[in-house]
Amino acid sequence: MKWLRRARKCSDQLSQRRANCVHSQIEVNVPEHSYGNMSEVCEFCDALYWENEVNSSKKYTKCCQDGKVRLPNLTEAPDLFKELLYSNSQEAKNYRQHIREYNAAFASMGAEIKAPLGTDPY
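For the sequence shown, my numbering begins at 151 and goes up steadily by one.
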């Protein structure tokens, strides 16, 4: 009898999980859309834009606000990174194969934790 109760409980849990699932359908025939090449260039910082990103003044300003924002030039990458990115060594190939995993491992998420309002636990 114990096994029957356990089987019913598992069956009930499975039904509940299925009820909680969100079902979605995959769109198979979605038409392709392309903005084309990024052929427009900001006159101040050389950022690339699509033609339809122009503002009402016929300018591209989302990058540097008409030259108001200026960033220092990037410094050259350390030799170790150059080696890992361009070398044909086994270590470099392994690095390039797993580069997204390394990036995710070192990425951090910022969060602002606020104290709850009132005295209730939730």
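Just so you know, even glycine gets a beta-carbon here, dropped at the ideal spot from N, CA and C.
Model, not experiment: these values are computed from the prediction.
- Message: On a Cα-Cα basis, can you pick out the residue from Y210, R246 and N179 that is closest to V218?
- Response: Per the sequence shown, residue 218 should be read as Lys rather than Val. The residue with the shortest Cα to Cα distance from K218 is Y210.
- Message: Can you tell me whether L221 is helix, strand or coil according to DSSP?
- Response: coil
- Item | Environment of L234 [buried if 16+ CB atoms lie within 10 Å] | buried
- Message: If you measure between the beta carbons of V204 and L198, is that distance less than 8 Å?
- Response: no
- Item | Rounded separation between P222 and F231 - CA only | Approximately 21 Å, taken between the alpha carbons.
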